[in-house]
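**Student:** This structure is in structure tokens; I'll ask about it shortly.
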Amino acid sequence: MKITDSNSFGKTVRDRRKKLGYTQKYISDFTGISVSFLSDLENGKKTIELDKALKIANLLGLDVELNERG
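To convert, note that position 60 of the sequence shown is 62 in my numbering; the numbers rise steadily by one, no gaps.
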């Protein structure tokens with residue numbers, strides 16, 4: 003999926019989390035990242051900390067790549 007903004011990133015993370023059957027609480031307990039952060043991330047909040055967002059994506063088996071447009 004092509005990610006174009008914080009909303010599409012959050013939706014992708016939420017969809018993958020649900021597909022894996024994980025709750026936000028489970029991920030919070032596993033990573034130490036708060037449920038409120040996870041909720042903000044999944045809802046596309048624009049002030050999310052990139053490092054935490056990438057950690058969650060990685061945990062869910064999502065690759066984040068930046069490619070030059072051709």
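C-beta atoms are modelled at their ideal positions from N, C-alpha and C, and glycine is treated no differently.
#1: In or out: glutamate 44 buried (at least 16 other Cβ within 10 Å) or exposed?
#2: Shortest alpha-carbon distance to threonine 14 belongs to which of Ile29, Glu51, Val66 and Ser36?
#3: Please confirm if the stretch 3 to 17 is in contact with the stretch 35 to 50, defined as three or more CB-CB distances below 8 Å between the two stretches.
#4: Please identify the residue among Glu51, Lys4, Ile29 and Phe11 whose C-alpha is closest to the C-alpha of leucine 61.
**Tutor:** Taking the coordinates as given:
#1: Buried, because 16 or more other Cβ atoms sit within 10 Å of the Cβ of glutamate 44.
#2: Comparing alpha carbon positions, the residue from Ile29, Glu51, Val66 and Ser36 closest to threonine 14 is Val66.
#3: yes
#4: The shortest Cα separation from leucine 61 among Glu51, Lys4, Ile29 and Phe11 belongs to Ile29.
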